[in-house]
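Number of protein chains: 2
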Amino acid sequence: MPDSTATTLDPTAWTCPAPLRDQPRIVMGHGGGGTLSAELVQHVFAPAFGGEALAQLGDAAALSLGGVRLAFSTDSFVVRPLFFPGGSIGDLAVDGTVNDLAMSGAKAAYLSCGFILEEGVEVETVSRVAEALGAAARAAGVEVATGDTKVVEAGHGDGIFVNTAGIGLIPAGVDLRPQRVVPGDVVIVSGAIGAHGVAIMSVREGLEFGVEIVSDCAPLGGLVEAMLAVTPDLHVLRDPTRGGLAASLNEIAAAAGTGVVITEREVPVPPAVSNACAVLGLDPFYVANEGKLVAFVPRAHADAVLEAMRAHPLGAEARIIGEAVADHPGMVVARTGLGGTRVVDMPLGEQLPRIC
Amino acid sequence: MPDSTATTLDPTAWTCPAPLRDQPRIVMGHGGGGTLSAELVQHVFAPAFGGEALAQLGDAAALSLGGVRLAFSTDSFVVRPLFFPGGSIGDLAVDGTVNDLAMSGAKAAYLSCGFILEEGVEVETVSRVAEALGAAARAAGVEVATGDTKVVEAGHGDGIFVNTAGIGLIPAGVDLRPQRVVPGDVVIVSGAIGAHGVAIMSVREGLEFGVEIVSDCAPLGGLVEAMLAVTPDLHVLRDPTRGGLAASLNEIAAAAGTGVVITEREVPVPPAVSNACAVLGLDPFYVANEGKLVAFVPRAHADAVLEAMRAHPLGAEARIIGEAVADHPGMVVARTGLGGTRVVDMPLGEQLPRIC
Chain A
1 MPDSTATTLD
11 PTAWTCPAPL
21 RDQPRIVMGH
31 GGGGTLSAEL
41 VQHVFAPAFG
51 GEALAQLGDA
61 AALSLGGVRL
71 AFSTDSFVVR
81 PLFFPGGSIG
91 DLAVDGTVND
101 LAMSGAKAAY
111 LSCGFILEEG
121 VEVETVSRVA
131 EALGAAARAA
141 GVEVATGDTK
151 VVEAGHGDGI
161 FVNTAGIGLI
171 PAGVDLRPQR
181 VVPGDVVIVS
191 GAIGAHGVAI
201 MSVREGLEFG
211 VEIVSDCAPL
221 GGLVEAMLAV
231 TPDLHVLRDP
241 TRGGLAASLN
251 EIAAAAGTGV
261 VITEREVPVP
271 PAVSNACAVL
281 GLDPFYVANE
291 GKLVAFVPRA
301 HADAVLEAMR
311 AHPLGAEARI
321 IGEAVADHPG
331 MVVARTGLGG
341 TRVVDMPLGE
351 QLPRIC
Chain B
1 MPDSTATTLD
11 PTAWTCPAPL
21 RDQPRIVMGH
31 GGGGTLSAEL
41 VQHVFAPAFG
51 GEALAQLGDA
61 AALSLGGVRL
71 AFSTDSFVVR
81 PLFFPGGSIG
91 DLAVDGTVND
101 LAMSGAKAAY
111 LSCGFILEEG
121 VEVETVSRVA
131 EALGAAARAA
141 GVEVATGDTK
151 VVEAGHGDGI
161 FVNTAGIGLI
171 PAGVDLRPQR
181 VVPGDVVIVS
191 GAIGAHGVAI
201 MSVREGLEFG
211 VEIVSDCAPL
221 GGLVEAMLAV
231 TPDLHVLRDP
241 TRGGLAASLN
251 EIAAAAGTGV
261 VITEREVPVP
271 PAVSNACAVL
281 GLDPFYVANE
291 GKLVAFVPRA
301 HADAVLEAMR
311 AHPLGAEARI
321 IGEAVADHPG
331 MVVARTGLGG
341 TRVVDMPLGE
351 QLPRIC
């Protein structure tokens, strides 16, 4: 690691690892929430669909309908296995979409739920997923209002895929988007990172790390509500799912046109996750979370917001990890434990496929 | 065909063809929109999810949010092949959801769009689907506001699956649901039935019937708007997709607690569809449509509504095909060309899998 400092880094020296936009076929990384996913959206979906809301490219779209401000978001879930320590595809299907809505400040009100089942899957398994989904919805205070089921022939699907879409009201005065970030904003993470991806990986591969690593899967609506009660003037929230904290910070930096500097040792990583990542060759900054958020908050409100977060069970380990800076716009830099810095790149794809 | 009359039929003599709710594994019919689909919803999803909106079991949920009345609906699309005469999975993904919203009287405003791609599918194919979806959205006057993409390994999906969810405003004074149907209501179909399912089947199986049969895939929002301009007091609308006209009429009869009598020869079926169905052993009443609706309208408004429908390009061939009756509640009966009657059962599954 060269002993450079953040301000001497040259952003133009950073290039996309490979010109993959010319790739003729879909690869796993196109679903990974990194550069390949972004390219697919920018070069294929956005031009085809048009539309202003989609162009915002947030976790949820902020819309106006009948005079009210709505958040609207969707996610499909293809996680393997269907059940894992700390949750299931049913929990993810609720929390993933509810959290996307929460990141726009909205309290989720209603979910749609579409199942694509593979012929031959046990009805009992479908029931268990549905029950987990229903229980997660009740825990998140959201109602499953409408649904659909399709079946594909054996060998043309993979057990159970679930899609949810969600709608919720955005409170008056709340306007969360990366374009509002300014240098000096404080970066807060709501708790320890990396557990979800490692939990999935360990059960999938039959790995044991001495202690069971449990997914952090949880609905963040209540935590966001507590933060907005301090001030509606938060600048942006993201839940670092696919692509992890690194992808979320890079997306915000790119859209905000600011740099971001974080201090590595301030980012909480559970020792078990850290050890597992070392064994697996993963960087915890790139591992998916399903119950964490990262917030960019005006410096004047940072202490009060942090206090409110710590008073909430899902924010008890919240910490300030860095700040937005005027230097190196669009780039995320980490101060390492050795006093140096390293660039935290946007991931190309996802280290761990099908983790949500 | 016994020369019975509708009024001599004994509804209690009709039973579900098989006690399939005890089936331990998912079969194709669970996605067919018939009895098996209904059983899955009633015995698995509805108890697990709870919720009042879902219990309505309409094509779209009618919700209240922030003081406005919203319709919210979702469908997943797994049609094979992706492109067929008259449309594509992209067209279906828009029209299917837009039409579900229209059946609650709502004009679709925003769509979400979730893709599940199989590793190895050509980016060019994804682009063509996205372009078709975008064009269909513009034609239907709806904006794709938010999206998501997941990728599964080759052999664990089938090219491209699409889910859309949609939201729209329900106009004041409109309350469309089968419980409002009363004996004497007139049953109107907006045009000829059966084209979509037969178009898919013919291209999938490489069949030729002398003339190309083209899917009727179309957005019905404008037609519904024209009908509601005559009177907001329509009782119920359904778009007869999976399970065809037979499933829609049976669902309405069951929920309304009335009987339904239709006159077979009044139901428009294009000769090419009729011929193809004869060859394939299909009943056009059970074949899916993607651009038709069936309406139950108070008798006093029937002529005016029919006239308004015929003035719209998508309702030019609209016809009165029957009525709701007090006899044989929950049962649909067709008067045959020979002067007899036959029971039009709820289908068990779907004759043609993966037609949407």
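Respectively, the protein sequence lines represent chains A and B. Numbering of the first sequence is given in full-length UniProt numbering, commencing with residue 1 and proceeding in unit increments. Numbering of the second sequence is given in full-length UniProt numbering, commencing with residue 1 and proceeding in unit increments. In this text, a Cβ means the ideal position worked out from N, Cα and C, and glycines have one as well. Note that the structure is predicted; figures quoted are calculated from it, not measured.
Comparing C-alpha positions only, which one of the options sits nearest to residue i?
{"i": "residue 52 of chain A", "options": "B/219, B/109 and B/154", "result": "B/109"}
{"i": "residue 399 of chain A", "options": "A/339, A/300 and A/253", "result": "Absent from the model: residue 399 of chain A. The displayed extent of chain A is 1 to 356, so no value can be given."}
{"i": "residue 172 of chain B", "options": "B/107, B/316 and B/309", "result": "B/107"}
{"i": "residue 257 of chain B", "options": "B/181, B/310, B/316 and B/353", "result": "B/181"}
{"i": "residue 146 of chain B", "options": "A/97, A/146, A/277 and A/144", "result": "A/97"}
{"i": "residue 357 of chain B", "options": "B/230, B/263, B/214 and B/353", "result": "A query on residue 357 of chain B cannot be resolved here, the shown segment of chain B reaching from 1 to 356 and no further."}
{"i": "residue 247 of chain B", "options": "B/330, B/268, B/278 and B/304", "result": "B/330"}
{"i": "residue 217 of chain B", "options": "B/24, B/33, B/237 and B/99", "result": "B/99"}
{"i": "residue 149 of chain B", "options": "A/250, A/184 and A/34", "result": "A/34"}
{"i": "residue 32 of chain B", "options": "A/75, A/69 and A/115", "result": "A/115"}
{"i": "residue 144 of chain A", "options": "A/165, A/50, A/206 and A/23", "result": "A/165"}
Going by beta-carbon coordinates alone, are residue i and residue j separated by less than 8 Å?
{"i": "residue 160 of chain B", "j": "residue 117 of chain B", "result": "yes"}
{"i": "residue 81 of chain B", "j": "residue 211 of chain B", "result": "no"}
{"i": "residue 95 of chain A", "j": "residue 73 of chain A", "result": "no"}
{"i": "residue 151 of chain A", "j": "residue 28 of chain B", "result": "yes"}
{"i": "residue 193 of chain B", "j": "residue 302 of chain B", "result": "no"}
{"i": "residue 169 of chain B", "j": "residue 103 of chain B", "result": "no"}
{"i": "residue 365 of chain B", "j": "residue 289 of chain B", "result": "Residue 365 of chain B is absent from the model: chain B starts at 1 and stops at 356."}
{"i": "residue 312 of chain B", "j": "residue 226 of chain B", "result": "yes"}
{"i": "residue 332 of chain A", "j": "residue 260 of chain A", "result": "yes"}
{"i": "residue 71 of chain B", "j": "residue 111 of chain B", "result": "no"}
{"i": "residue 90 of chain A", "j": "residue 130 of chain A", "result": "yes"}
{"i": "residue 239 of chain A", "j": "residue 292 of chain A", "result": "yes"}
{"i": "residue 127 of chain B", "j": "residue 287 of chain A", "result": "no"}
{"i": "residue 26 of chain B", "j": "residue 120 of chain A", "result": "yes"}
{"i": "residue 251 of chain B", "j": "residue 321 of chain B", "result": "no"}
{"i": "residue 318 of chain B", "j": "residue 190 of chain B", "result": "yes"}
{"i": "residue 310 of chain A", "j": "residue 304 of chain A", "result": "no"}
{"i": "residue 249 of chain B", "j": "residue 344 of chain B", "result": "yes"}
Identify whether residue i lies in helix, strand or coil by the three-state DSSP scheme.
{"i": "residue 336 of chain A", "result": "coil"}
{"i": "residue 27 of chain A", "result": "coil"}
{"i": "residue 96 of chain B", "result": "helix"}
{"i": "residue 16 of chain B", "result": "Bear in mind that a pLDDT of 41 at residue 16 of chain B, under 50, signals an unreliable position, so the model cannot answer this."}
{"i": "residue 200 of chain A", "result": "helix"}
{"i": "residue 49 of chain B", "result": "helix"}
{"i": "residue 91 of chain B", "result": "helix"}
{"i": "residue 125 of chain B", "result": "helix"}
{"i": "residue 303 of chain A", "result": "helix"}
{"i": "residue 262 of chain B", "result": "strand"}
{"i": "residue 205 of chain A", "result": "helix"}
{"i": "residue 64 of chain A", "result": "strand"}
{"i": "residue 220 of chain B", "result": "coil"}
{"i": "residue 7 of chain A", "result": "Interpretation of residue 7 of chain A is limited by its pLDDT of 33, a score under 50 that renders its predicted location unreliable; the figure taken from the coordinates is listed afterwards. Of the three classes helix, strand and coil, the one that applies to residue 7 of chain A here is helix, per DSSP."}
{"i": "residue 238 of chain B", "result": "strand"}
{"i": "residue 214 of chain A", "result": "coil"}
{"i": "residue 354 of chain B", "result": "coil"}
Quick check on residue i: buried or exposed, where buried means 16 or more other Cβ atoms within 10 Å of its Cβ?
{"i": "residue 323 of chain B", "result": "buried"}
{"i": "residue 294 of chain A", "result": "buried"}
{"i": "residue 349 of chain A", "result": "buried"}
{"i": "residue 141 of chain B", "result": "exposed"}
{"i": "residue 63 of chain B", "result": "buried"}
{"i": "residue 133 of chain A", "result": "buried"}
{"i": "residue 403 of chain A", "result": "Absent from the structure is residue 403 of chain A, since the part of chain A shown begins at 1 and ends at 356."}
{"i": "residue 351 of chain A", "result": "buried"}
{"i": "residue 67 of chain B", "result": "exposed"}
{"i": "residue 86 of chain A", "result": "buried"}
{"i": "residue 208 of chain A", "result": "exposed"}
{"i": "residue 5 of chain B", "result": "For residue 5 of chain B, the predicted model reports a pLDDT of 34, less than 50, meaning its position is unreliable; a value from the coordinates is still stated below. Classification for residue 5 of chain B: exposed."}
{"i": "residue 299 of chain A", "result": "exposed"}
Can you check DSSP and say which residues form a bridge with residue i?
{"i": "residue 166 of chain B", "result": "B/73 and B/111"}
{"i": "residue 188 of chain A", "result": "A/295 and A/320"}
{"i": "residue 325 of chain A", "result": "A/259"}
{"i": "residue 143 of chain A", "result": "A/110"}
{"i": "residue 118 of chain A", "result": "A/152"}
{"i": "residue 160 of chain A", "result": "A/117"}
Could you tell me if the beta carbon of residue i falls within a distance shorter than 7 Å of some heavy atom in the ligand GDP?
{"i": "residue 249 of chain B", "result": "This structure simply doesn't include the ligand GDP, nor any ligand for that matter."}
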